[in-house]
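Chemist:
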Amino acid sequence: MTEPFLVAQDLHKSFNDHKAVNGVSFTVGKGEIFGLLGPNGAGKTTTIRILATVLEADRGDATIGGYSLKNSPGAVRTLIGVCPQDLALYPDLAALDNLVFFGRMVGLSGKEAKAQAMANLELMGLANRARGKIEKFSGGMKRRINLAIALMGHPRLLFLDEPTVGIDPQSRHNIYETIQGLQANGMTILYTTHYMEEADRLCDRVAIMDGGQIIALGTPRELKGQAGDPDKTTLESVFLNLTGHSLRDD
Amino acid sequence: MSKAIIVALREVRTYLQDKADLAFSLLLPIGIFALMYGAFGGQDLFHGTAYIVNEDGNGKFATMLLERLEALESLDVEQLTPAEADRKLNRSDLRMVVIIPEGFSDSLTAGKTASLVFKQRGNGGDEGQIVASLVRGVVEEIEQELQVQAQVKTLAPSGIPAARIETTVEKFLARDRQSPIVAIKEIPVGNSRPDPVKQFMPGIITMFVLFAVTLTAQTIVEERRKGTLERLLTTRLSTGQLFIGKFLASLGRGFVQTLILLVLAGIVFRVFTPLSFVQAVVIALVFAAAAGVIGLIIGSVARTPDQATWMAVFITMFMTMLGGTFFTVSRGSVLYILGKLSLNTYANDAFKGLIVRGDSLADMGLELGVLIGVVAIGLVLSRVLFRAVPGGR
Ligand SMILES: Nc1ncnc2c1ncn2[C@@H]1O[C@H](COP(=O)(O)OP(=O)(O)OP(=O)(O)O)[C@@H](O)[C@H]1O
Ligand SMILES: [Mg+2]
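Protein chains in written order, with this note's numbering: chain A, 324 to 573; chain B, 23 to 415.
(1) So, does the CB of I319/B fall closer than 7 Å to a CB anywhere in chain E?
(2) Rank R35/B, F46/B and A30/B by C-alpha distance to the C-alpha of V231/B and give the top, closest one.
(3) By the three-class DSSP mapping on this structure, what secondary structure does I384/A have?
(4) Short check: CB of Y464/B to CB of L116/B, under 7 Å?
(5) Contact criterion: CB-CB distance below 7 Å. Does L264/B meet it with respect to chain A?
(6) If contacts are defined as beta-carbon pairs under 8 Å, then I537/A and L565/A qualify, I think. What distance do you get, rounded to the angstrom?
(7) In chain order, what residues of the same chain lie with their CB nearer than 6 Å to the CB of T448/A, ignoring the 5 residues before and after it?
(8) Short of 7 Å in beta carbon distance, which residues of its chain neighbour V399/A, apart from the five on each side in sequence? Order them along the chain.
(9) Which residue comes first and which comes last in the alpha helix (DSSP H) that contains L480/A?
(10) Please go through the same chain and pick out, in chain order, the residues whose beta-carbon is closer than 6 Å to the beta-carbon of G354/B, but skip the five residues on each side of it.
(11) Return the chain-ordered list of same chain residues with a C-beta closer than 7 Å to the C-beta of I54/B, the five sequence neighbours on each side being excluded.
(12) Is Q439/A near M475/A, with beta carbons less than 7 Å apart?
(13) Relative to the C-alpha of P218/B, which candidate in V293/B, E244/B, S24/B and I320/B has its C-alpha closest?
(14) Can you check DSSP and say which residues form a bridge with Y518/A?
(15) Along the chain, where does the alpha helix (DSSP H) containing E435/A start, and where does it finish?
(16) Taking all protein chains shown into account, do 16 or more other C-beta atoms lie within 10 angstroms of the C-beta of N213/B, making it buried, or fewer, making it exposed?
(17) Mind listing which residues have their beta carbon within less than 7 Å of any non-hydrogen atom of ligand 2? Chain order is fine.
(18) Should the region 323 to 331 of chain B be called in touch with the region 388 to 399 of chain B, which here means at least 3 C-beta pairs below 8 Å?
(19) Could you tell me whether any Cβ in chain A is nearer than 7 Å to the Cβ of I242/B?
(20) Starting from F349/A, trace the beta strand (DSSP E) in both directions and tell me its first and last residue.
(21) Give a yes or no on whether the C-beta atoms belonging to G361/A and I512/A are separated by under 7 Å.
(22) Looking at the C-beta of R258/B, does it have a partner C-beta in chain A at a distance below 7 Å?
(23) Between G364/A and chain B, is any beta-carbon pair separated by less than 7 Å?
(24) Residue ranges of each alpha helix (DSSP H) run of no fewer than 4 residues wholly in the region 28 to 83 of chain B, ordered along the chain?
(25) Which of the residues in the region 32 to 47 of chain B, read from start to end, lie with their CB under 9 Å from any CB of chain A?
(26) Would V34/B and G274/B qualify as a contact pair, given that the criterion is a beta-carbon distance under 7 Å?
(27) In this structure, does DSSP put L410/A in helix, strand or coil?
(28) What are the partner residues of D98/B, as DSSP defines its beta bridges?
(29) Helix, strand or coil for A375/A? Go by DSSP, reduced to three states.
(30) Mind pulling the chain B residues with CB within less than 7 Å of D415/A?
(31) Would you report the Cα separation of Y358/B and V406/B, rounded to the nearest angstrom?
(32) Is the CB of T469/B under 7 Å away from at least one CB in chain A?
(33) Beta-carbon separation of T370/A and V347/A under 7 Å?
(34) Among G267/B, S201/B and V378/B, whose alpha-carbon lies nearest the alpha-carbon of M428/A?
(35) Which residues bound the beta strand (DSSP E) around H335/A?
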């Protein structure tokens, strides 16, 4: 692993007695794509919300780029970009205006925001729809805009919470390529997904969470190797072995 | 440009794009004022309708009488057939009808006497009595003119053609009617009878401004629902800036709405002088700020859009009812004390002072002070209560 950029130590978060995150520690190296996997309700989104300064941990802390969440959340915010699990867009605004608005919010000037917005739309293959209102967009287009907004201001660390859920293979492919391109440019990425084959392909290392705790951590190959021949097993079977077959209805 | 202002501008943009919202806030005041105007407009002076059955057809004097009655500003003339008149009188739809009998003009032309008939139920009602006396006045006028013409005819030296005498006399009479020797002027005095427009106007203005409570609360819960609120808080926008932005947007919207209301009120009812108009805008803005802040508090504590709507509706109703919008609460009663909790009370008092008593802003220190205090405390309170996500920071 390269020099650590994100260090989470013993994070805890409860919602009315329910322990959503229960002692989570892990480290993400600079320029790494780190996968956070786990069944529904495992605590992935809660972990990301804590790291993104939206929620305050009951216990534990994390540092991002050397800044502590507890002591300098403001500084942490200057380093991160968040692509939330649920779309977070202004449907009545045009795609470009959504990007420009959030660009201004991360501190870009009007001119910079516009330039970056156009570049990001280009990257997502949506440059020709820049003036279209979000409410007229398809699900896949909205997902790509959701990601494009997270890239505004060139964050050093990107949180991607299930960025590819519910979209067609074309859009998904576009998002994979974008993520790989970002990594090539040195961005650090924390990635959650329910598609094991996707995690296997994209992530340098993955952590498997269940019940608010990390129950396995390593490169995809290491985790597959623990279950048998890494060339023959899939990450999905490792995942099912570790987390069991019972349905998670919370 | 500050992030707070960018947030506010985004908000205003959404507002301008929502056609229904826009129509609601712009057209509703116009509608309400139209209704108010219909109900109260120009009610200070008498205005009635003379119901007339003309059995004299195109007779010269019947036509003259009708024309002169129609020329009266305080009277509308409606002609009925005899059958209609009887039916309406029987059903008490009307209480007084003036009948111009057949042969009315012929008798007068022949120099004989003629009579009008006032057919009425009971005493004809207040309006009927006033209409009757107005008709009598016009009839007297015609009668005098006839006498003048008859007199002039007897006095004039023979040899002058009768038709010429008639036109000359008619010319003088017309001039006299234009500018009578003794003219009557009606001057409404003081507020012996409270002007309903001035009484209700403050309540209506404050009620509209109070919509800011609901609208502002909605902008927060809506953003929470869309997920953009959470996203905003991962950017460099601080929660304080977010609140200032929301507050500015609310104020901007309130300002536009209020300006429309006050301009309309000024044009339709002429309740303002230029100075009092500016003062009214100030009061409305301060009140809009207070209403917006209440909306911020609701938006901060509500968990769902429904909850926010209900809280806002409840508070709006409470404040409107007890704030003296529809009825004046008598001093010292429980409602009066509860009314002190309603922001409308202060805004209405300030507006009434301005519109009815002609006070200036300096006389409203208490009212404006309370409202500004609510803004300051409310801004802090809403920030303290605010959570981007349940259980969040
Ligand atoms: N704000 C909240 N209030 C109460 N409970 C919450 C809250 N947020 C999350 N939870 C609960 O915490 C647990 C973890 O939720 P979380 O969203 O982190 O799971 P997740 O791993 O992201 O699941 P998914 O794969 O379905 O997105 C769940 O049981 C969830 O119901
Ligand atoms: Mg999740």
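Each residue gets a CB set at the ideal place from its N, CA and C atoms; glycine is no exception.
Since the model is a prediction, treat every value here as computed from it, not as a measurement.
Modeler: So, from the listed chains and residues:
(1) Absence of chain E from the displayed structure is noted, the protein chains being A and B.
(2) As a first step, residue 231/B is located in the second sequence; it is residue number 209 there, counting from the start. Of R35/B, F46/B and A30/B, the residue nearest in Cα terms is F46/B.
(3) Here residue 384/A refers to the residue found at position 61 of the first sequence. Before going on, a small fix: residue 384/A reads as Asp here, not Ile. Three-state DSSP puts D384/A in a strand.
(4) The requested residue 464/B is not part of the displayed model; chain B covers only 23 to 415.
(5) Numbered from its first residue, the second sequence carries residue 264/B at position 242. No - not a single Cβ of chain A is within 7 Å of the one on L264/B.
(6) On the first sequence, residue 537/A is found 214 positions in, with the first residue counted as 1. On the first sequence, residue 565/A is found 242 positions in, with the first residue counted as 1. Incorrect: roughly 11 Å between the Cβ atoms, too far for contact.
(7) Within the first sequence, numbered from 1, the residue matching residue 448/A stands at position 125. Residue identity differs from the one stated: residue 448/A is Gly in this sequence, not Thr. Only N497 meet the Cβ criterion.
(8) Here residue 399/A refers to the residue found at position 76 of the first sequence. Taken in chain order, the residues that qualify are T376, I387, Y390 and L392.
(9) The residue you call residue 480/A lines up with position 157 of the first sequence. Not the alpha helix (DSSP H): L480/A falls in the beta strand (DSSP E), residues L480 to D484.
(10) The residue you call residue 354/B lines up with position 332 of the second sequence. Closer than 6 Å at the Cβ level, and outside the excluded window around G354/B, lies no residue.
(11) As a first step, residue 54/B is located in the second sequence; it is residue number 32 there, counting from the start. For I54/B, where only same-chain residues beyond five positions count, the Cβ hits under 7 Å are I226.
(12) The sequence position of residue 439/A within the first sequence is 116, counting from 1. The sequence position of residue 475/A within the first sequence is 152, counting from 1. Result yes, Cβ atoms of Q439/A and M475/A sit closer than 7 Å.
(13) Residue mapping note: residue 218/B aligns to position 196 of the second sequence, counting from 1. Selected option, being the one with the closest Cα: V293/B.
(14) For the purposes of this step, residue 518/A is identified with residue 195 of the first sequence, where counting begins at 1. According to DSSP, Y518/A bridges with nothing at all.
(15) By one-based count along the first sequence, residue 435/A stands at place 112. From DSSP, the alpha helix (DSSP H) with E435/A extends over G433 to L446.
(16) Here residue 213/B corresponds to residue number 191 of the second sequence, with the count starting at 1. A caution first: N213/B carries a pLDDT of 48, below 50, which makes its placement in the model unreliable, though a value can still be read off. Counting Cβ neighbours within 10 Å, N213/B comes out exposed, since fewer than 16 surround it.
(17) K367/A, T368/A, Q408/A, D484/A, E485/A and T515/A
(18) no
(19) Residue mapping note: residue 242/B aligns to position 220 of the second sequence, counting from 1. No - not a single Cβ of chain A is within 7 Å of the one on I242/B.
(20) One-based indexing of the first sequence puts residue 349/A at position 26. First-last of the beta strand (DSSP E) with F349/A: H341 to G352.
(21) As a first step, residue 361/A is located in the first sequence; it is residue number 38 there, counting from the start. As a first step, residue 512/A is located in the first sequence; it is residue number 189 there, counting from the start. Result no, Cβ atoms of G361/A and I512/A do not sit closer than 7 Å.
(22) In the second sequence, residue 258/B corresponds to position 236, counting from 1. Yes, R258/B lies at the interface with chain A (some Cβ there is under 7 Å from its Cβ).
(23) Here residue 364/A corresponds to residue number 41 of the first sequence, with the count starting at 1. No, because no Cβ of chain B sits closer than 7 Å to the Cβ of G364/A.
(24) 41 to 62
(25) R32, R35, T36, Q39 and D40
(26) To locate residue 34/B, count along the second sequence from 1; it is residue 12. To locate residue 274/B, count along the second sequence from 1; it is residue 252. Yes, they are a contact pair.
(27) One-based indexing of the first sequence puts residue 410/A at position 87. Reduced to three states, the DSSP call for L410/A is coil.
(28) The residue given as residue 98/B occupies position 76 in the second sequence. In the DSSP output, where bridge partners are listed per residue, D98/B has T71/B.
(29) On the first sequence, position 52 is the one that residue 375/A refers to. Three-state DSSP puts A375/A in coil, outside helix and strand.
(30) Here residue 415/A is taken as the residue at index 92 of the first sequence, counted from 1. Within chain B, the residues near D415/A are T36 and Q39.
(31) Sequence index remark: in the second sequence, residue 358/B carries index 336 (1-based). Sequence index remark: in the second sequence, residue 406/B carries index 384 (1-based). Each residue's alpha carbon lies about 31 Å from the other.
(32) Only positions 23 to 415 of chain B appear in this structure, which leaves residue 469/B out of reach.
(33) Start at 1 with the first residue of the first sequence, and residue 370/A comes out as number 47. Start at 1 with the first residue of the first sequence, and residue 347/A comes out as number 24. Yes.
(34) Position 105 of the first sequence holds residue 428/A. Nearest C-alpha to M428/A: G267/B.
(35) Your numbering for residue 335/A matches position 12 in the first sequence. Its beta strand (DSSP E) spans residues P327 to F338.
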